[in-house]
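Below: one structure, written as structure tokens.
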Amino acid sequence: MRFLFKTDYEDDIKLFPHSGYLVSYGILLALLLIAPYVLSSYLMSQLVFVCIYAIVGVALLILTGFTGQASLGHAAFLAIGAYTAAYLQKYNVPFPIYFLAAGGLTGIIGAMVGFPALRLTGIYLVIATISFALIVEEILARWESVTHGNEGMRVKTLSLLGVTVPRDSPTFYFLCLSVLVLTIVGTLNLLRSPTGRAFVAIRDSETAARSMGVNVALYKVKSFAISAAITGFAGVLFAHKLSFISPEMFTLQLSIEFIIVILIGGTFSLHGAVLGAIFIVMIDPFLTYLKDDMPGMIAGIAATFGAGPATAGNIQSKVAAFASLNGLKGAIYGIIIVLFVLFEPLGLYGRWLKIKLFFQLFPLYKRATFKRQKIYVKSERNR
Amino acid sequence: MLDFVQQLVSGVALGCVYGLIALGFVLVYKATEVVNFAQGDLMMLGGFFAFTFIGMMGLNYWIGFAGAVAAMALFGMLAERVVVRPILGYPQFSIIMATIGLGYFLRSVAGMIWGTDDLKIETPFSQGVLRIGSLVLAYDKLSVIAATMILCTLLYLFFNKTTLGTAMRASSENMLAAYYMGIPVKRVVSIVWAISAAVATCAGVLLAPITFIHSNVGLVLGLKAFPAAVLGGFGSIPGAVVGGVLIGVIESMAGFYLPEGWKDVAPYLVLLAVLLLKPEGLFGHHVRKKV
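So the sequence lines, in the order shown, correspond to chains A and B. In case it helps, my numbering puts the first sequence at residues 1 to 383. In case it helps, my numbering puts the second sequence at residues 1 to 291.
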């Protein structure tokens with residue numbers, strides 16, 4: 001294994017701690033760049049959704065993971081970004097301008113949500129963001145002169161510098177990918193800056209942060225604004241990818257999906273947002289697979305273990321009936337959330353770190369390294 | 001004027017249901033300082049249990065009611081044992097997420113088992129109205145109001161007058177200290193979940209004649225119960241019911257007097273206003289920590 005000796009502050013905040021990182025991220029980026037010429041169009045489409053979900057995941061990570069402010073209202077920010085883009089598009093505003101405008105407007109609204117949120121912690125903040133999202137949903141459905149209400153809005157094909165970019169072209173994928181990469185690099189830089197350090201300090205202990213001279217209110221609002229703005233950018237891409245938006249796409253369900261993204265990925269590292277996004281987008285193809293191929297496969301296995309063709313057929317039809325049940329997706333979501341909270345609180349990235357550490361320290365690995373500590377906080381009412 | 005009173009009564013009846021769900025939030029919050037986001041779904045499940053006992057097995061209404069309450073109390077304990085106990089003492093966010101996951105799961109599974117149709121339970125209160133002058137009050141709404149008052153009183157007495165209630169309050173203030181003082185914290189939490197599931201079942205069964213039971217009813221009403229609980233101050237039993245009634249009345253009035261659309265938003269606007277102006281709620285008390 002490689003030992004990293006950090007001798008000064010510069011070493012501590014390096015973007016790439018050693019050359020190994022550069023090589024592996026370079027290979028990953030190269031693979032992603034050749035992906036559209038290799039993968040099927042369906043998978044490409046999924047990859048675009050992974051990019052969009054990952055951007056929102058990173059945004060939510062800044063707020064929830066690094067500043068410690070939970071939010072169940074990010075679907076509303078996504079909606080505001082998407083609707084701003086769709087509305088400005090009607091007046092032939094060029095893409096770069098409405099892209100920035102969507103992010104800017106969402107950021108301002110995010111800051112406006114952040115102000116009331118200053119006095120709220122924990123559960124109250126979650127409830128406040130839920131009600132913000134529900135109010136936005138209702139406004140989108142009712143403000144018909146701008147949003148066309150429940151009929152929804154069509155989003156025209158993106159045109160960038162005079163070139164049209166259809167929503168399933170490789171160029172659109174590259175656009176999403178570059179926004180994602182820019183977001184990740186930007187966030188990494190943000191987290192190395194004094195602002196990012198202040199965020200983390202607020203998460204760890206608000207009182208301690210304040211006593212170190214951090215302006216807690218200012219940084220909480222900043223965190224809300226930055227997170228919302230990034231989500232707004234993702235909203236523009238989301239609108240273009242779907243080419244049609246309506247209020248019922250931006251429900252509480254979507255907000256919960258975003259939370260699942262960072263929860264499953266791991267709330268302490270940006271890798272988590274990407275891993276979580278991959279996970280959540282791949283549930284749908286997985287369910288399709290479950291419906292189409294799994295019953296036959298299970299019947300085949302049963303046949304090899306000596307079941308007669310009648311029994312195998314019976315098993316096949318039973319599995320198929322189970323897989324096409326209506327609420328299966330919801331049930332899988334529910335189980336996944338509970339299992340991750342109970343058994344893998346550090347998420348997928350945490351699992352990867354555990355595996356890595358196991359091989360690095362091979363005979364000496366201790367399971368207790370990653371053990372969560374119970375804290376038994378005293379009542380919040382007395383804090 | 002008559003319209004106003006009519007709206008008021010139906011608002012109060014609806015509000016009592018919100019209050020009953022909010023009571024469940026408050027119970028769990030009082031004892032473990034976390035919010036059970038699956039409370040509405042427990043209510044939905046209770047309604048389905050009652051439907052199974054009364055509608056499908058043809059039991060007497062009261063026996064079916066009692067059976068559903070008992071079954072759900074057991075289910076509440078089971079859910080606590082499986083989902084909450086392993087993460088007791090970890091940050092709030094974990095438990096919130098776990099209960100959201102539980103709610104998701106219950107909703108989907110209930111949809112798979114009982115289908116997605118609206119179900120209805122025949123109750124002794126379904127027919128019949130009380131006439132006072134030209135005012136018409138349906139029995140099913142009055143039954144909700146009466147049951148809420150009874151349950152609220154019982155729970156209030158339980159929390160403030162019995163030893164177990166005191167133990168629950170103690171374990172919420174400081175779980176570890178309560179444990180050291182000999183309070184069986186785990187058992188206390190388990191009992192709290194049983195009680196809150198039972199209360200949720202009462203809400204579900206009483207609600208059945210008013211809005212039908214379907215698998216999403218818990219989500220819809222659970223989200224409405226948040227404003228109720230916050231308005232009353234999380235952690236106050238009378239507060240939950242008063243908050244619920246206020247939200248119900250506000251919603252009912254907004255639906256009647258304001259343009260369409262305000263009805264759904266009004267409770268949340270009130271909620272945001274309360275959080276801004278008086279985060280401790282109407283009945284909550286703000287304790288400053290002494291250093």
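Ideal Cβ placement from N, Cα and C applies to all residues, glycine included. Keep in mind the model is a prediction, meaning the values are calculated, not measured.
Spatial neighbours of residue i in its chain, beta-carbon cut-off 7 Å, leaving aside the 5 residues before and after
| i | result |
| --- | --- |
| GLU257(A) | ILE280 |
| VAL200(A) | PHE66 |
| GLN373(A) | none |
| VAL291(B) | Note on VAL291(B): pLDDT 45, under 50, position unreliable in the model; the coordinate value appears next. Within the same chain, VAL291(B) has no close Cβ partners at all. |
| VAL249(B) | LEU8, GLY11, VAL12, GLY15 |
| LEU4(A) | PRO17, HIS18 |
Per-residue contacts from residue i into chain B (C-beta, under 7 Å)
| i | result |
| --- | --- |
| ALA331(A) | PHE105, SER108, VAL109 |
| LEU263(A) | MET97 |
Burial state of residue i, where buried means 16 or more other Cβ atoms lie within 10 Å
| i | result |
| --- | --- |
| ASP204(A) | exposed |
| MET297(A) | exposed |
| VAL338(A) | buried |
| SER252(B) | buried |
| ARG187(B) | exposed |
| THR91(A) | Reading the sequence as shown, one finds Tyr at residue 91(A) and not Thr. Exposed, by the Cβ-count rule. |
| TYR29(B) | buried |
| GLU144(A) | exposed |
| LEU29(A) | exposed |
| ALA273(B) | exposed |
| HIS148(A) | buried |
| GLU248(A) | exposed |
| PRO12(A) | Before going further, note that residue 12(A) is Asp rather than Pro in the sequence given. Label assigned to ASP12(A): exposed. |
| LYS289(B) | Confidence in LYS289(B) is poor, its pLDDT being 48 and thus under 50, which makes the residue's placement unreliable; the coordinate value appears in the next sentence. Exposed is the call here. |
| PRO363(A) | exposed |
| GLY133(B) | exposed |
| MET212(A) | exposed |
| ILE137(A) | Position check: residue 137(A) holds Glu in this sequence, whereas Ile was assumed. Answer is buried; the Cβ neighbour count reaches 16. |
| TYR18(B) | buried |
| ILE63(B) | exposed |
| GLN387(A) | Chain A is shown only over 1 to 383; residue 387(A) falls outside these bounds and no answer can be derived. |
| LYS222(A) | buried |
| ASP292(A) | exposed |
| ARG267(B) | Looking at the sequence itself, residue 267(B) is Pro, so the reference to Arg does not match. Buried, since its Cβ has 16 or more Cβ neighbours within 10 Å. |
| VAL163(B) | Reading off the sequence shown, one finds Thr at residue 163(B), where the question assumed Val. The residue in question, THR163(B), is exposed, as its Cβ has fewer than 16 Cβ neighbours within 10 Å. |
| THR37(A) | In the sequence on display, residue 37(A) carries Tyr and not Thr. Burial call: exposed. |
Chain-ordered chain A contacts of residue i [CB-CB under 8 Å]
| i | result |
| --- | --- |
| LEU223(B) | ILE130, LEU134, LEU252 |
| ALA98(B) | ILE337, VAL338, VAL341, LEU342 |
| VAL226(B) | First, the amino acid is wrong: residue 226(B) is Phe here, not Val. Residues of chain A passing the Cβ test: ILE127, ILE130, SER131. |
| LEU271(B) | ILE127, ALA128, SER131 |
| PRO238(B) | Those within 8 Å of PRO238(B) in chain A number zero; the least Cβ separation is about 17 Å. |
Per-residue contacts from residue i into chain B (C-beta, under 9 Å)
| i | result |
| --- | --- |
| ILE80(A) | Correct list: empty, because the minimum Cβ distance to chain B is about 16 Å. |
| CYS327(A) | This sequence places Gly at residue 327(A); Cys is not what is there. What GLY327(A) touches in chain B: ARG107, SER108, VAL109, ALA110, GLY111, MET112, THR116, SER215. |
| ARG119(A) | LEU275, LEU276, PRO279 |
| ALA201(A) | Chain B residues near ALA201(A): none, gap ~17 Å exceeds 9 Å. |
| PRO116(A) | LEU272, LEU275, LEU276 |
Other residues of its chain near residue i: CB distance less than 8 Å, five sequence neighbours each side excluded
| i | result |
| --- | --- |
| LEU155(B) | LEU23, LEU27, ILE195, VAL199, ILE237 |
| TYR25(A) | PHE16 |
| VAL93(A) | ALA101 |
| PHE340(A) | LEU263, ILE264, GLY347 |
| LEU72(A) | VAL126, THR129, ILE130, ALA133, LEU252, SER255, ILE256, ILE259 |
| VAL129(B) | VAL136, LEU137, ALA138, TYR139 |
| ASN382(A) | Note that ASN382(A) scores 47 on pLDDT, short of 50, meaning its location in the model is unreliable; the coordinates nonetheless yield the value given after this. No residues qualify anywhere along the chain. |
Under 7 Å from the C-beta of residue i: neighbouring residues of chain D
| i | result |
| --- | --- |
| PRO345(A) | In the displayed structure, chain D is absent; the protein chains listed are A and B. |
Interface partners of residue i on chain A, CB under 9 Å
| i | result |
| --- | --- |
| GLY261(B) | GLU138, ILE139, ALA141, ARG142 |
Proximal chain B residues relative to residue i, where beta-carbon distance stays under 8 Å
| i | result |
| --- | --- |
| ALA368(A) | Ordered by position in chain B, no residue passes the 8 Å Cβ test against ALA368(A), which lies about 16 Å from the chain. |
| ALA70(A) | PHE93, ILE96 |
Same chain, Cβ closer than 6 Å to residue i, five either side skipped, listed in chain order
| i | result |
| --- | --- |
| GLN89(A) | LYS156 |
| LEU206(B) | VAL144, ALA147 |
| SER269(A) | TYR349 |
| ARG154(A) | PHE244 |
Under 7 Å by beta carbon: chain A residues contacting residue i
| i | result |
| --- | --- |
| TYR268(B) | SER131, LEU134, ILE135 |
Quiz prompt | Segments of 4+ residues assigned as alpha helix (DSSP H) that fall wholly inside the stretch 279-339 of chain A | solution = 294-304, 309-323
Quiz item: Counting Cβ pairs closer than 8 Å, one from the stretch 119-126 of chain A and one from the stretch 41-60 of chain A, do we hit at least three?
Solution: no
Exercise. Determine contact between the stretch 35-43 of chain A and the stretch 186-200 of chain A, defined as no fewer than three beta-carbon pairs at a distance below 8 Å.
Key: no
Quiz item: Would the stretch 47-64 of chain B and the stretch 17-36 of chain B be scored as touching if the rule is three or more Cβ pairs under 8 Å?
Solution: The stretch 47-64 of chain B vs the stretch 17-36 of chain B: no contact.
Practice problem: Could you say if the stretch 297-315 of chain A and the stretch 5-12 of chain B meet the contact criterion of at least three C-beta pairs nearer than 8 Å? | Solution: Short answer: they don't touch.
Quiz item: Would the stretch 78-90 of chain B and the stretch 203-223 of chain B be scored as touching if the rule is three or more Cβ pairs under 8 Å?
Solution: The answer is no - the stretch 203-223 of chain B does not touch the stretch 78-90 of chain B, with fewer than three Cβ pairs under 8 Å.
Practice problem: Determine, using beta-carbon pairs with one atom in the stretch 73-90 of chain A and one in the stretch 228-246 of chain A, whether at least three such pairs fall under 8 Å. | Solution: The stretch 73-90 of chain A, when compared against the stretch 228-246 of chain A, does touch it at the 8 Å Cβ threshold.
Exercise. Inspect the CB distances between the stretch 299-310 of chain A and the stretch 282-291 of chain A and report whether three or more fall short of 8 Å.
Key: no
Quiz item: Considering only residues of the stretch 153-212 of chain A, which uninterrupted beta strand (DSSP E) runs meet the minimum length of 3 residues and lie entirely inside it, listed in chain order?
Solution: Fully enclosed beta strand (DSSP E) runs of no fewer than 3 residues occupy 158-160, 163-165 of the stretch 153-212 of chain A, in order along the chain.
Quiz item: Between the stretch 114-122 of chain B and the stretch 208-218 of chain B, are three or more C-beta pairs nearer than 8 Å?
Solution: yes
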